[in-house]
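Report on one structure; see the data block that follows.
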Amino acid sequence: MNHEQLDHDYRSSMQRAAFAYLQRHEAQHLVDSDLLYENCVRHMTTAMEVPVFMAQQLVHNAWTELQVINQRKWIGVDWGSSPGSTVVHLIDTRADLRYPVPARLLPQTMLAQRDAALKQQPQ
5 MNHEQLDHDY RSSMQRAAFA YLQRHEAQHL VDSDLLYENC VRHMTTAMEV
55 PVFMAQQLVH NAWTELQVIN QRKWIGVDWG SSPGSTVVHL IDTRADLRYP
105 VPARLLPQTM LAQRDAALKQ QPQ
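Remember, my numbering sits 4 above the position in the sequence shown when you count from 1.
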């Protein structure tokens, strides 16, 4: 194994450690994300003994990766008001846009979820 591969393995494993730290502590810092970032850098430098310049870069990369993963969760489904409706709406909650989709194009398992969700709602 050459020096370059060892360096890459070290960086990628430390970035995974930073990512895991950010995931574990994300809920504790809902308001102050800068504090989460700083705490992660501090953890990397003290507990993992990563040099400060590298810890900042690795935490930044892990932070970006976490934000991309969290952004993927921003879609919702509006089933309509009746189980027999022929159109459902996919909702992009980040852009506040609604996209009508014919219900016949959805998998049967999703339509079964729609029927169950509509039965639970009081009318």
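We put the CB at the ideal spot given by N, CA and C, even for glycine.
- Under DSSP, H93 takes part in a beta bridge, and its partners are D82, P104.
- Inclusion of M58 and A22 in the CB contact set at 8 Å is not warranted, their separation being larger than that value.
- For W78, the number of other beta carbons within 10 angstroms of its own is below 16, and it is reported as exposed.
- Cα atoms of V81 and Q124: separation of roughly 16 Å, rounded to the nearest angstrom.
- A straight-line Cα-Cα distance of about 29 Å links Y25 and A99.
- For D38, the enclosing alpha helix (DSSP H) has its first and last residue at 37-50.
- Under the three-state reduction of DSSP output, E69 falls in the helix class.
- Assigned with DSSP and collapsed to three states, R15 falls in helix.
- Residues V54, L62 of the same chain have their beta carbon placed closer than 6 Å to that of M18, with the five preceding and five following residues left out of the count.
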